[in-house]
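Residue 879 in this note's numbering sits at position 548 of the sequence shown; the count goes up by one each step and never skips. In this text, a Cβ means the ideal position worked out from N, Cα and C, and glycines have one as well. Treat the numbers as computed from the prediction; the structure is a model and nothing was measured.
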Amino acid sequence: MSIGTQRKCAPRRSPFRFVPKQTAVLAVVAAMALAGGAFISKVSANDDDRSNRFQFQPDSLVLSRSVYVGTAATVTIGETLPLGCVGGPNGTSNVSVPTTTPGTSVEIAVPCGIASDNGEFPNLFDAHNVWNNSGSDGSFGITSPIFLDNLSTDGRLLSTLPIPSDQIVTSFSSKSELALNRSIDGKSITFMAYHGGPGCGGFPVAPTAPNLLDVSASNTPGVCDLTNPVITTFQSTPVVPAAYFRAVAEVDSDGRLNVTDGNAYSGDNGRAAIKGANDLYYMVGNDNSGNLSKKQLTTTPSGIDLINATGAELLVPGGTPPVPPNIGMIGRLEFGTDKPGKDTNFRGLTIFNNTLYISKGSGGNGINTVYQVGSVGTLPTGTAAQLAGVPITILPGFPNTAASTSTAFPFGLFFANATTLYVCDEGDGTLVTPPVNGNVADAQSLATAGLQKWSLVNGTWTMLYVLQDGLNIGVPYNVANYPAALDPATGGCRNIAGRVNHDGTVTIYAITSTISANGDTGADPNKLVKVTDRLSATTLPTGDGDNDRDDRLGHFAIIRSAKAGEVFRGVAFAPSSDHDDDHGGDNH
332 MSIGTQRKCA
342 PRRSPFRFVP
352 KQTAVLAVVA
362 AMALAGGAFI
372 SKVSANDDDR
382 SNRFQFQPDS
392 LVLSRSVYVG
402 TAATVTIGET
412 LPLGCVGGPN
422 GTSNVSVPTT
432 TPGTSVEIAV
442 PCGIASDNGE
452 FPNLFDAHNV
462 WNNSGSDGSF
472 GITSPIFLDN
482 LSTDGRLLST
492 LPIPSDQIVT
502 SFSSKSELAL
512 NRSIDGKSIT
522 FMAYHGGPGC
532 GGFPVAPTAP
542 NLLDVSASNT
552 PGVCDLTNPV
562 ITTFQSTPVV
572 PAAYFRAVAE
582 VDSDGRLNVT
592 DGNAYSGDNG
602 RAAIKGANDL
612 YYMVGNDNSG
622 NLSKKQLTTT
632 PSGIDLINAT
642 GAELLVPGGT
652 PPVPPNIGMI
662 GRLEFGTDKP
672 GKDTNFRGLT
682 IFNNTLYISK
692 GSGGNGINTV
702 YQVGSVGTLP
712 TGTAAQLAGV
722 PITILPGFPN
732 TAASTSTAFP
742 FGLFFANATT
752 LYVCDEGDGT
762 LVTPPVNGNV
772 ADAQSLATAG
782 LQKWSLVNGT
792 WTMLYVLQDG
802 LNIGVPYNVA
812 NYPAALDPAT
822 GGCRNIAGRV
832 NHDGTVTIYA
842 ITSTISANGD
852 TGADPNKLVK
862 VTDRLSATTL
872 PTGDGDNDRD
882 DRLGHFAIIR
892 SAKAGEVFRG
902 VAFAPSSDHD
912 DDHGGDNH
């Protein structure tokens, strides 16, 4: 089977009755895309009609976007969440989990929640808010369709490529998903999302569609955690267990989509993927939403599988999804008495000079910082056993203590050159109420959130300054057709793409993070912003006040804003079949 052409087997017909909660999804998705001003020339990303094909424009941007298409009926107030959780609404059940000692098992309690609200997106007509369910279901999420918007570098919409929702979907409120990265050869972009696979225990292939519940916390088909409360993602009689591959989607300059399934990140999500010069995928993500304790993670086969299928991963395009013990986890980290597998809760990644760099900026375990994976100039390869021994090291000068989990929140990375690194910090997400002089951000976010510029001097990285002007961190903004009580404020930034210009400046495009009173801030309408910095600058740009170009340096401009029911996730420069770097280096 050739690289990049792996296709899934046709799903086996289920003997059970599947009752989908979504209705007329295709029509809704089409309407949403057209409402955004895009003429959809191709319905399927695999359409081979060369006479009217999609094509990304040269020297342009690609923005990953998702649209909520749920209705009130997507969630039923009072039903058990996650769906199929054995203990019933707000109840608990015990499951027996085998241990590594032959013939022994341990009983583990699995708690369930209850739907406190229906499936309506926040609106102006009533008080319902689907994201209120996050308070009673720690796994809560709803799948939604993916769109790739082709934009000019000033944010003008050129065209939209809808990704077929029967092949791959995202979880709408999962803010760390759908990062976009252009391949090292410049010919494709990649992102991670969900594709249905066989349910744990040999059940039929799970559906891939919008409006499925808690997919982002489901098991993967190859790593089944009995203590995960997410049993299924759809209503059926009887309950049909569901599992989902964390898949890498690769899209070329003509909009052709290839999906490669993976079994890493069971119980949580894959965040980002990039295709190296060696034509292999490198990924980051997190796993384990189950109820195994620290000790049980190392004394049960399922726990051992989980702690060896997370963090940084390697996946072969077009390959059969690897299963334990052959899942390609790169390196291992465990600080002190932290929960095994959680110190590698990585989110951002980039490749620079054939070296893999990753970031950790969330979770209470480990160290929030920027890491180098492997040796300089060498991308990790090899068997699962060989990959396990690859070193993961903190870049000298970046945070290196446990205190960083409350002071540093790095996400996207861009190397402008070997001694200049831009890091997006999303802020700590703390909502200050009541606002202080109209601002809802706390002191930590106001001090360090935004685009940080770091410089390598005598072998140590030093933060020079933080670009924040124009982000308006902590200042709530209005969104049309959205409740004022939930108005979000920018909290910092997440995924980025950058380019070094011929005039000695650097232009960075970034996706903003948010702070709000919403039940899940990942569902807040956010923004795509743009800032230009002078590469050689060592102090924050100030300008001279005459409104010329110097005054625009260091100032963020909003070039696109999400509407109510939309979220922005990733940004990258568009792929090209004939990659030309005349315009300067991009994010690699």
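Here the alpha carbon of Thr431 sits roughly 35 Å from the alpha carbon of Val701. Val561 places its beta carbon less than 9 Å from that of Ser620. In chain order, Tyr596, Asp599, Asn600, Thr641 and Asn676 place their CB closer than 7 Å to the CB of Asn617, counting only its own chain and leaving out the 5 sequence neighbours on each side. DSSP, read as helix, strand or coil, puts Thr764 in coil. For the pair Gly694 and Leu664, the Cα-to-Cα distance works out to about 14 Å. The closest CA to that of Asp545, considering only Gly528, Gly533, Phe565 and Thr558, is found on Phe565. DSSP places Ala608 in no beta strand (DSSP E); its state is neither H nor E. Per the coordinates, the alpha-carbon of Asn460 lies some 13 Å from the alpha-carbon of Ala895. Non-local C-beta neighbours of Thr631 in its own chain, meaning closer than 8 Å and more than five positions away in sequence, comprise Val428, Pro429, Thr430, Thr431, Val437 and Leu623, ordered along the chain.
Distance from the CA of Gln386 to the CA of Arg587, rounded to the nearest whole angstrom, comes to 9 Å. In this structure, the CA atom of Leu455 is about 48 Å from the CA atom of Lys626. The Cβ atoms of Arg865 and Ser397 lie no closer than 9 Å to each other.
If the five residues before and after Val707 are omitted, its C-beta is found closer than 8 Å to the C-beta atoms of Asn684 and Thr686, all from its own chain and listed in chain order. In this chain, the beta strand (DSSP E) harbouring Gly642 covers Gly642 to Leu646. Leu482 carries a strand assignment under DSSP once its states are collapsed to helix, strand and coil. DSSP places Thr630 in the uninterrupted alpha helix (DSSP H) bounded by Lys625 to Thr630.
Here Phe745 is buried. Its C-beta has 16 or more other C-beta atoms within 10 Å. In the DSSP secondary-structure assignment, Val393 is bridged to Asn481 and Ala903. Residue range Leu488 to Ile494 is occupied by the beta strand (DSSP E) that includes Ser490. In this structure, the alpha-carbon of Ser395 lies about 16 Å from that of Lys861.
Under DSSP, no beta-bridge partner is assigned to Leu871.
A contact is defined here as three or more CB-CB pairs under 8 Å, and the segment 826-834 fails this definition with respect to the segment 466-483. In its chain, beyond the 5 residues on either side, Leu392, Ile827, Ala828, Leu859, Lys861 and Val902 have a beta carbon closer than 7 Å to the beta carbon of Tyr840. For Gln783, the number of other beta carbons within 10 angstroms of its own is at least 16, and it is reported as buried.
DSSP places Gly885 in the coil class of the three-state scheme, outside both helix and strand.
Annotation: the segment 528-610 contains the following complete segments of the beta strand (DSSP E) (minimum length 3 residues), in chain order: 534-536, 566-568, 574-583, 588-591 and 601-606. DSSP places Ser786 in the strand class (E or B) of the three-state scheme. In terms of Cβ geometry, Leu871 and Gly885 form a close pair [threshold 9 Å]. Leaving aside the five residues that flank Gly530 on each side, the residues in its chain whose CB is nearer than 7 Å to its CB run, in chain order, Ala537, Val571, Pro572, Ala573 and Ala574. Listed in chain order, the alpha helix (DSSP H) elements of length 4 or more contained wholly in the segment 652-726 are 715-719.
Looking at the backbone, the Cα of Ile723 and that of Glu451 are separated by about 43 Å. Within the same chain, and ignoring the five residues on either side of Gln775 in sequence, the residues whose Cβ sits closer than 6 Å to its Cβ are Asp759.
Within the same chain, and ignoring the five residues on either side of Pro730 in sequence, the residues whose Cβ sits closer than 8 Å to its Cβ are Ile698, Asn699, Thr700, Thr738 and Ala739. Shown here, Asn512 sits in a strand according to DSSP, grouped into three states. The beta carbons of Asp674 and Asn696 sit closer together than 9 Å.
Annotation for Ser547: Gly472, Ser502, Ser505 and Asn600 place their beta carbon closer than 6 Å to its own, counting only its chain and skipping 5 residues before and after.
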